[in-house]
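From first to last, the protein sequence lines stand for chains A and B. If you read the first sequence in the numbering used here, its first letter stands for residue 804, the second for the next number, and so on. If you read the second sequence in the numbering used here, its first letter stands for residue 804, the second for the next number, and so on. Just so you know, even glycine gets a beta-carbon here, dropped at the ideal spot from N, CA and C. None of these values were measured; they are calculated from a predicted model. Structure record follows, encoded as C-alpha cells.
2 protein chains.
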Amino acid sequence: MLLSEISKKELADFKAVCEKDYADFKAKGLKLDMSRGKPGADQLDIAMPMFDVFTNAESMISEDGTDCRNYGMLTGIKEAKVLFGNLLGVNIDEIIIGGNSSLALMYDAVSRAITHGVYGSEKPWGKYDKIRFLCPAPGYDRHFAICEHFGIEMITIPMHSDGPDMDMIEKLVCEDETIKGIWCVPLYSNPDGIAYSDEVVKRFANLSPKAKDFRIFWDNAYCVHHLTDTPDRILNILEEAKKNGKEDMVFIFASTSKISFPGAGVAIMAASVNNIKQITKLLGIQCISYDKLNQLRHVRFFKDVDGINAHMEKHKQILAPKFNLVLDMLEKELGRLGILEWNKPNGGYFISVNTLNGCAKRVVSLCKEAGVVLTGAGATFPYGKDPDDRNIRLAPTYPPLNELDTAMRLFCICVKLASAEKLLAE
Amino acid sequence: MLLSEISKKELADFKAVCEKDYADFKAKGLKLDMSRGKPGADQLDIAMPMFDVFTNAESMISEDGTDCRNYGMLTGIKEAKVLFGNLLGVNIDEIIIGGNSSLALMYDAVSRAITHGVYGSEKPWGKYDKIRFLCPAPGYDRHFAICEHFGIEMITIPMHSDGPDMDMIEKLVCEDETIKGIWCVPLYSNPDGIAYSDEVVKRFANLSPKAKDFRIFWDNAYCVHHLTDTPDRILNILEEAKKNGKEDMVFIFASTSKISFPGAGVAIMAASVNNIKQITKLLGIQCISYDKLNQLRHVRFFKDVDGINAHMEKHKQILAPKFNLVLDMLEKELGRLGILEWNKPNGGYFISVNTLNGCAKRVVSLCKEAGVVLTGAGATFPYGKDPDDRNIRLAPTYPPLNELDTAMRLFCICVKLASAEKLLAE
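Rendered as C-alpha cells:
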C-alpha cells in the first residue's frame, strides 16, 4: 500500500501504531551515533601491522637516503609519490603528499587561492568583490563550509544518476567569470554514492570557463572504497583534461583516512605540473615538511596499489553487511509505502535517502529525541538548506551491526511517523 | 694583533697566507652543510623508543576513552594538553596541540588573521590597505618569509643583549595602528641565542598597542634547549600579560621538532581562552583532527615535564661539544684579530657572528665555493637585507664533530681572507 493512497482513518491508525512503536524505542534510552562517515574500530584493526614496519633507525631511511625523522622533502618522499601517484594515475611531479588530512589540503588550496590566487590567476581570489563556487548537491557539508568560511557564494547544482547536471555547469562556467570553482566527489559521491559517468568526466575535462583560473576540486575520497563485486569505475580526470590541454583546471584530492587511519593517515593532492610548482613555492612558506615517517609507514605497509586493493577488500568484508542491513531494512519496512527513496551505492560511506518533501528535519529530530544522532537534515546542501527538506545522509559504517539494526529500526519508525503526520496535515 | 692596525704590507702578506690556506681547502672538494638548525642523526636516535609505546589497539586509547586512530579531538588529546601545558605554563583550555610543524601553526595563525582577523578584530587584516609587523633582527628567516608572503610590511627592530629594543617597540606600537604584530624568539633567540630579560618580558606583557588586535607572536622554539649548566630562564609571558588584563595580546608557539623528531614531532599553540575559542571555531573548517596517535606517542614516551627535561639533557651532551668546538675555534683563530664578534649562547641552535661591515656575503660565498654551505648572508634580516652585511648564522648541530671541525677551519680562513680584502681596499 502507498501511504498517500490510504484513507485518513487508516492513516490515523497507522500513525497511532507508529507513535506506540516510537514511544517504546524512546523508553530504551538509546545513545547511538550515525552522523559521520567514521570507520569502526574493527576496520582500524586491519591496518595495525603498519606500526611494526620500523625496526630501527635504518628502517626509517627512504629509498633516496633521506632520514625521514628529520626535516626536508616538503612535497613528500618519492616512494609515497610513486605509490599514491599509481593509485590516482598521475606522475610523481604531479603530486604532493601531505599530512593526515585531505580536508586541510583542500582548505589550504582555497585559502591560498584567496590570498595569492592559483597558477594563472590575474589576482588573488580575495581581491574580487564576489566569487562563486558551484556545489553539486546533495554534497559534502565540509566542502560547503570552506566556501562559507571564505565568503564564497555557493550555487546549488542538481545531481543526476550519472553525476551533476552538466548542461547547467557548462552554461554557468562559460558565462559567469565570478565562478571560480566546483566541488566534486566523483566516485561514490557523498552522500548519494553516485559514480560520474565517462561522459560527465569528459565534459568536466573539457569545460571552457570564463574565469581563466577556474578550478575543479575533484575530491576522490572514495577512490578504492568499493562495497560490491561490481564496483563503479571513473575516468582519470587529469588524463582526460590533458587531451584538451586543460590539465591546469584540475585539483585532485584523496587520503588514506578511510584506508588506514582517519586520525593518522596520509593525504594527497594531485594536479598539473604547473599547479604543483606554483603550490610548492607557496607551501614552502607554510611548512618545512609533513610527517615523512607516516608516509614511509604507509608505503612499507601497503607496498603497492595491489596492496591497497587487497586491504580495501578487508574493509569491504566488514562494511558490506552493514550497508546490506540498512538497504534490506529500508526495503522491508518502507519498500511499499512510497514515503522514502534511496540509492544502492556500490561503494563509499553513505546511503542517501529522500523522504516526502518537508519531512527530513522532522525525521532527524525524532531520531535524536529517541537517542540516535543522524547527520543534520540540510547538511548535504549549501548553507545547510535543503530546499525540499527531504534529504538525509545515513552513515552506517561506525556502529556495530546490532546497534545499526536498532538505529535503523528506529529510523524506519520515524520516517513512517513523520510521513503520516505530513499526509494527515494535507 | 688587531688586523685593522697592521701595515698594508703585513696585511698583504696575511692575505697571501689566507689565500694559500683557502686554496688548500678548496682542493679537498668538501661538501658540508651548516645552513639550517637541523638535529644530527645521533640526536634523533635518543627518541627511538617512542616507536615502541604502542603494543596493540588498546594502547592507542587516550585517558578519556578516545580511540586516537579515529577522527575527532580537533584541538588535541587531553593528556597532550596537560603535558605541553605544563611545559609552557598554561592551562589546558589555553592550548591547541597541532600537527608536526609549529611553522604551520604560525603561518595558519597569520593566514586566518588575514582572511578573518583575530579575536577582537574589527575586520580581517587583509581588508586594510597596509599592515605592518615589527621584526627584531637578526631573527628567523621563516618568520620574515611569512610576512613577505602575505604582503605584511616589516620594520626592523635592533636586538640588544637582553632582547629587542623595547623603547622603540613601545613607541611604535602605541603610535601606529597599522602595526598588527611582532615576531619574538624569547629564549635562545634565533640566531643570537639571547634570552629576553624579565624587564623585557614585563614590558612586552604591558604593551598598549594602538591596533586593538595587535598580537605578539612568541615563538618559544627553544624553551628547553639548554646547552650549559647555567641555563637562561624567561618569565611566562601569558602569566605576565594576565596581570595587566592583556592576555589576549599573546600567541605562543612551540614544538618538539628539536626535542623528538623534526619531521614527526608535535606542534603547540598557546593563548588566552578567548583566542583559543576563536581559533578553534575557524580551525574546525580546516581539519577534523591532527595526528592524535603521534600526540599520544609523545605523551607515553615523555610522561611529564621531568621526562622532557631528562631527554633534553641527552641532547645537551651531544650538542655542547659542537658548540664548544665552534666557540673555541673562533677564539683561537680569530680572538685577537678584531675582525669577528660572536655570542656565547646558553642554549638554542645557533651561534650568531658579526664580521666587519660589508664582509658577510663575501665570507658565505667563499665558504660555498670551497664546499661548505652556510645560511645565506642577510637571511637573518627582513627582506634578506642585512644593512651592514655583517651577520652570519652558524648552525653547528647537524655535522658530526670532525666535519664541523673542518667546516669551521675553513670558515675562519674565509673570515680572515674577506677581512684582509676589505681592509686592503680601504
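- At least one CB of chain B lies nearer than 8 Å to the CB of A/Phe857.
- Among the residues of the segment 828-846 of chain A, those with a Cβ less than 8 Å away from any Cβ of chain B are Arg839, Lys841, Pro842, Ala844, in the order of the chain.
- Chain-ordered listing is empty here: chain A has no CB closer than 8 Å to the CB of B/Gln1081, the nearest sitting near 13 Å.
- Look at B/Pro1065: its C-beta is under 8 Å from a C-beta on chain A.
- For B/Asp848, the neighbours in chain A by C-beta distance under 8 Å run, in chain order, Ala860.
- Using a Cβ-Cβ cut-off of 8 Å, A/Cys1090 counts as an interface residue toward chain B, since at least one Cβ of chain B sits closer than that to its own.
- In the three-state DSSP reduction, B/Ile1088 falls in the helix class (H, G or I).
- With respect to the 8 Å criterion, A/Gly1151 and A/His1028 are classified as neighbours on the basis of their beta carbons.
- Distances from the alpha-carbon of A/Thr1178 to those of A/Val1102, A/Ser1222, A/Phe1153 put A/Phe1153 closest.
- Taken through DSSP and simplified to helix, strand or coil, A/Phe857 comes out as coil.
- If you look at B/Cys821, you'll find it in the alpha helix (DSSP H) that goes 811-830.
- Shown here for B/Ser1058: same chain residues with a beta carbon closer than 6 Å to its own, the five before and five after excluded, namely Ser905, Gly1068, Ala1070 in chain order.
- By a beta-carbon distance limit of 8 Å, B/Phe1020 contacts B/Phe1054. Their separation comes to about 5 Å.
- Taken in chain order, the whole alpha helix (DSSP H) runs of length 4 or more contained in the segment 845-914 of chain B are 881-891.
- Excluding residues up to 5 positions away in sequence, nothing lies with its Cβ nearer than 6 Å to the Cβ of A/Glu813 in the same chain.
- In the three-state reduction of the DSSP assignment, B/Asn993 falls in the coil class, being assigned neither a helical nor a strand state.
- Beta-bridge partners of B/Arg935 (DSSP): B/Glu956, B/Ile982.
- At least one CB of chain B lies nearer than 8 Å to the CB of A/Ala907.
- Between the segment 913-921 of chain B and the segment 879-899 of chain B, the count of C-beta pairs closer than 8 Å stays below three; the two stretches do not touch.
- Rounded to whole angstroms, the Cβ separation of B/Tyr1093 and B/Ile900 is 7 Å, and the two are in contact under 8 Å.
- For B/Cys1217, the closest C-alpha among the options B/Lys841, B/Val1175, B/Pro1203, B/Gly1181 is that of B/Val1175.
- Only those residues of the segment 927-957 of chain A whose C-beta falls short of 7 Å from the nearest C-beta of chain B are listed: Gly929, Ala948, Ile949, His952, Phe953.
- Within the segment 1106-1166 of chain A, complete alpha helix (DSSP H) segments of at least 4 residues are found at 1108-1137, given in chain order.
- Contact between the segment 839-847 of chain A and the segment 1114-1126 of chain A is present, with at least three C-beta pairs closer than 8 Å.
- Distances from the alpha-carbon of A/Leu975 to those of A/Asn1078, A/Arg935, A/Ser992 put A/Arg935 closest.
- By the Cβ-count criterion, B/Ser862 is exposed, with fewer than 16 other Cβ atoms from all chains shown falling within 10 Å of its own Cβ.
- Along the segment 892-919 of chain B, going in chain order, the ones with a CB nearer than 7 Å to a CB of chain A are Gly902, Asn903, Ser904, Leu906, Ala907, Tyr910, Ser914, Ile917, Thr918.
- With respect to B/Ile985, B/Ile1062 sits apart: the two C-beta atoms are not nearer than 8 Å.
- DSSP places A/Phe1214 in no beta strand (DSSP E) but in the uninterrupted alpha helix (DSSP H) bounded by 1204-1228.
- Neighbours of A/Met851 in chain B, taken as residues whose beta carbon is under 7 Å from its own, are Ala860 in chain order.
- Taking a Cβ-Cβ threshold of 8 Å, the residues of chain B close to A/Leu1096 are Phe1064, Gly1066, Ala1067, in chain order.
- C-alpha of B/Arg872 to C-alpha of A/Ala1074: approximately 29 Å in a straight line.
- Annotation: Cβ neighbours of A/Asp870 in chain B (cutoff 9 Å, chain order): Ala844, Leu847, Gly1066.
- At a cut-off of 8 Å, the C-beta of B/Asn993 has no neighbouring C-beta in chain A.
- Annotation: A/Ala1180 is outside any alpha helix (DSSP H) and is labelled neither H nor E by DSSP.
- Counted as a single uninterrupted DSSP element, the alpha helix (DSSP H) harbouring A/Phe1007 occupies residues 1001-1007.
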